[in-house]
Amino acid sequence: LTEPVQLLLVAVAADIFIFGLGAGMSIVPFNALIQGNTELDRLGSVLAGKNWIQNFLMLVFLIITASVAALNVNSEYILYLNAAIAIIGFSLVLSKLKSSF
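In terms of my numbering, the sequence shown opens at residue -4 and continues consecutively.
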């Protein structure tokens, strides 16, 4: 591979890593919020329900992303939309966490 292509691959890999890191930083406080506000005897059911909802929403957003990509929307706009959704979700979880302490 040529040097510009290698640099591009490194940049894309770094972007994917940072995107995943941001997703992890939003889901961990969300899980902590759920575990902290759930009665111990219901914790397993609540976490199982949360996992079902989370997996369903991941599938929905995957379908939305694939549909938008099939419509030949610029991938830059798709990433901006994903970033906006992540920031909004993280902000909501963070505001709930602050109010629970």
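We put the beta carbon where it would ideally sit given N, CA and C, even for glycine.
As assigned by DSSP and simplified to three states, the class of residue i
{"i": "E34", "result": "coil"}
{"i": "T60", "result": "helix"}
{"i": "L66", "result": "coil"}
Nearest-angstrom Cα separation, counted from residue j out to residue i
{"i": "A61", "j": "K45", "result": "24 Å"}
{"i": "L92", "j": "F51", "result": "24 Å"}
{"i": "L38", "j": "S70", "result": "39 Å"}
{"i": "L74", "j": "L28", "result": "27 Å"}
{"i": "N67", "j": "L35", "result": "48 Å"}
{"i": "D10", "j": "L3", "result": "10 Å"}
{"i": "L57", "j": "A65", "result": "12 Å"}
Short Cβ contact (8 Å threshold) for residue i with residue j
{"i": "G17", "j": "A81", "result": "yes"}
{"i": "V88", "j": "P24", "result": "yes"}
{"i": "S21", "j": "G84", "result": "yes"}
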